[in-house]
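Comments concern the structure below.
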Amino acid sequence: MTEIRTPRLLLRRWHDDDLAPMADINADPRVMRWIGDGSVRDLDNTAEAIERWEEEWDEEGFGLFAVELLASGELAGFTGLSVPEFLPEVLPAVAISWRLGSQFWGQGYASEAAHATLEFALQDRGLDRVISINRVGDTASENIIRKLGMVPERETAHPEYAHPLRVHTIDLTEFQA
């Protein structure tokens, strides 16, 4: 079982008791504003998503980590790696992403988790390149992406929702552990 510890976080595979707190995160319109079509997700949608995330771990050897606060044991959300199949023009690629509950914003958790995940991707999993895809206008995600050392590669549009997307990249030679 793959786990990563940072000074404040445990990045781990998903547990059954993560469903309710992750569903609460997915039900928050502020959290979901920049994701997909911006609509919230319910308990069933969240259960299906966690199942897909776990399958990706089994198939790819990487996936989305549950992010747990070491101090309290609370589920803060996720960070991790996935194949961005919704955007065929960037394939083959592996993307880093994150989603934290709004009560965990502004405390550096997303940057801490994303940095550990990027290090995992490039050093442990042997990937030579990782991308990040965000909606144009999502400045909070842009700030994290910049902190990771990623640089803009291209702008495109979401194939289903048509909103503008920015693709960022970093490769092993640019990464500062």
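Numbering (full-length UniProt numbering), first residue to last: 1 to 177. Ideal Cβ placement from N, Cα and C applies to all residues, glycine included.
When C-alpha distances from L81 are compared across D37, R129, N26, P7, the shortest belongs to R129. The continuous stretches of alpha helix (DSSP H) do not include L10, which lies in the beta strand (DSSP E) extending over residues 9-12. For the region 70-135, the full-length beta strand (DSSP E) segments reaching 3 residues or more read 75-82, 95-100, 129-135 along the chain. Counting C-beta atoms within 10 angstroms of its own C-beta, D42 has fewer than 16 neighbours from the protein chains shown and is therefore classed as exposed. V31: member of the alpha helix (DSSP H) spanning 29-32, first to last residue.
Distance check between E160 and each of E60, M32, A49, P88 places P88 closest, using alpha-carbon atoms only. Per the Cβ contact rule, the region 63-83 is in contact with the region 3-13 (3 or more Cβ pairs under 8 Å).
Short of 8 Å from the beta carbon of D28, and not among the five residues preceding or following it, lie these beta carbons of its own chain, in chain order: V40, G101, S102. With 16 or more other Cβ atoms inside 10 Å of its own Cβ, T46 counts as buried. For E68, the pairing in a beta bridge is given by DSSP as L10, L75. For T139, the enclosing alpha helix (DSSP H) begins and ends at 139-147.
Apart from sequence neighbours up to five positions away, the residues of its chain that approach I145 with a beta-carbon distance below 7 Å are S132, N134, H168, ordered along the chain. For T139, there are no CB contacts under 7 Å within the same chain when 5 residues up- and downstream are skipped. Membership of R52 in the alpha helix (DSSP H) is indicated by the continuous run 43-60.
For I25, the uninterrupted alpha helix (DSSP H) segment begins and ends at 19-26.
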